[in-house]
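Here the UniProt record's numbering is used: the first residue of the sequence shown is 1, the next is one more, and so on.
The block underneath contains the structure these notes are about, expressed in structure tokens.
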Amino acid sequence: MSVLIFADQAQGKIKKVAFEAIQYGAKVAAQTGTTATALVLGEVDAAELSALGNYGVTKVLHTADSRLNEVESGVYTKIIAAAAEQEGADIIVFPHNFDGRAVAPRVAARLKAGLVSGAISLPDTANGFVVKKSVFSGKAFANINITAVKKVIAVMPNTFPLEKTDAAASVTAFSPAINDADFKVKVSSVQTVSGDIPLTEAEIVVSGGRGLKGPENWGMVEDLAKVLGAATACSRPVADSGWRPHHEHVGQTGLTVRPNLYIAIGISGAIQHLAGVNGSKVIVVINKDPEAPFFKAADYGIVGDAFEVVPKLTAAIKQL
Ligand code: FAD
Numbered sequence: 001m002s003v004l005i006f007a008d009q010a011q012g013k014i015k016k017v018a019f020e021a022i023q024y025g026a027k028v029a030a031q032t033g034t035t036a037t038a039l040v041l042g043e044v045d046a047a048e049l050s051a052l053g054n055y056g057v058t059k060v061l062h063t064a065d066s067r068l069n070e071v072e073s074g075v076y077t078k079i080i081a082a083a084a085e086q087e088g089a090d091i092i093v094f095p096h097n098f099d100g101r102a103v104a105p106r107v108a109a110r111l112k113a114g115l116v117s118g119a120i121s122l123p124d125t126a127n128g129f130v131v132k133k134s135v136f137s138g139k140a141f142a143n144i145n146i147t148a149v150k151k152v153i154a155v156m157p158n159t160f161p162l163e164k165t166d167a168a169a170s171v172t173a174f175s176p177a178i179n180d181a182d183f184k185v186k187v188s189s190v191q192t193v194s195g196d197i198p199l200t201e202a203e204i205v206v207s208g209g210r211g212l213k214g215p216e217n218w219g220m221v222e223d224l225a226k227v228l229g230a231a232t233a234c235s236r237p238v239a240d241s242g243w244r245p246h247h248e249h250v251g252q253t254g255l256t257v258r259p260n261l262y263i264a265i266g267i268s269g270a271i272q273h274l275a276g277v278n279g280s281k282v283i284v285v286i287n288k289d290p291e292a293p294f295f296k297a298a299d300y301g302i303v304g305d306a307f308e309v310v311p312k313l314t315a316a317i318k319q320l
């Protein structure tokens, strides 16, 4: 038995969520007295690959095929299952991000494995193989005992703080038997449509709602985000109205984010919005209505007009 971790990359850079999954997988390996191997698909610098040892793996398998630079869930499933077989891995760990959500269930089905997605605990092996996840939009927890021999775990981003070391990993080429026919979808070009910081990876998110009145006022959201090194997000009506692009919409029908700090400006705090943000470590709400429901979910609240508060906040942070 061993542990295999799918280490997700984008544009040749390993994602932070992959570091978290690797660290999680290495801890599971230590817990179960086995070894952990990371698998990277697509073209990535050799230095980045050996640095994955910083998070606890001693070995990295790498398939440096340019056709794999973008995730294609069918062929990724085939390769990850082949790597699991080669390594004799009974436990396969993914990040629970967009790519992990697309691929982990397919790998689980292919290997006839039990799956826990959105894991927020290491397995409790004293009582079977019990992994905790949050359910009902963060309102309850479920403890799931994976009884199947093979187990797939997708780790909730920003749940386990990174503990980086100086250790390096050995990198081995992995050459699965794939051909062009395995690629059901071909990505011909990729356009980056948002800022430098991907929303689901951001440590800080500044988010605006209908209280901002119109797209012409988004400059102050972007200014605050810039001084904080944050990504920007929005409520659904803002995206539906075309004030902001849909990929910035968070909530039940949008992205789920779990940053260390979520700043909500002019957002009422409807349950459907909270569903996508209530895993944030600290929530700051700026709203002119003291009765806005969001204040109940907030760690810090500022009752005031966003058009006065936000520029002052940005100016004050610039002084720091
Ligand atoms: P509003 O509810 O209009 O709130 C605006 C807020 O701004 C108010 O609290 C107001 O007091 C405040 N405000 C106004 N002016 C100022 C000012 N000058 N300064 C400071 N504050 C001010 N919503 C999502 O966000 N994400 C989802 O994924 C989502 N999914 C949904 C799924 C379903 C099936 C349904 C039915 C709804 C969904 N919604 C979702 C919509 C959700 O119910 C709310 O309607 C929406 O979140 C409200 O957006 P808002 O807070 O920006 O706007």
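Cβ atoms here follow ideal geometry from the backbone N, Cα and C, with glycine treated the same way.
Computed from a prediction, not measured in an experiment: that's the story for all the values here.
- In the same chain as Asn69, and ignoring 5 residues on each side of it, the C-beta atoms closer than 7 angstroms to its own belong to Gly42 and Glu43, in chain order.
- Scanning the region 224-297 from its first residue to its last, the whole alpha helix (DSSP H) runs of 4-plus residues come out as 236-240, 271-274 and 294-297.
- The shortest C-alpha to C-alpha distance from Asn278 to any of Glu291, Val103, Tyr262 and Pro290 is the one to Tyr262.
- Among the bridge pairs identified by DSSP, Ala119 is matched with Lys133 and Val155.
- Distances from the alpha-carbon of Trp243 to those of Arg101, His96, Ser207 and Ala7 put Ser207 closest.
- As summarised for the region 25-79, the continuous beta strand (DSSP E) elements at least 3 residues long and confined to that stretch are 36-41 and 59-63, given in chain order.
- Annotation for Arg210 indicates a beta carbon within 7 angstroms of some heavy atom of the ligand FAD.
- For Ala202, no alpha helix (DSSP H) run applies, since DSSP gives it neither H nor E.
- Beta-bridge partners of Gly114 (DSSP): Lys151.
- Inter-segment contact for the region 152-168 and the region 92-99 is present: three or more beta-carbon pairs are separated by less than 8 angstroms.
- For Thr314, the uninterrupted alpha helix (DSSP H) segment begins and ends at Ala306 to Gln319.
- For the options Ile5, Lys16, Gly12 and Gln11, the alpha carbon positioned closest to that of Gly25 is the one of Ile5.
- Within the region 158-183, no alpha helix (DSSP H) run of at least 4 residues lies entirely inside it.
- Counting C-beta pairs closer than 8 angstroms gives three or more between the region 242-257 and the region 199-214, which meets the contact rule.
- About 5 angstroms separates the beta carbons of Gly74 and Lys184, which is inside the 8 angstroms limit, making them a contact pair.
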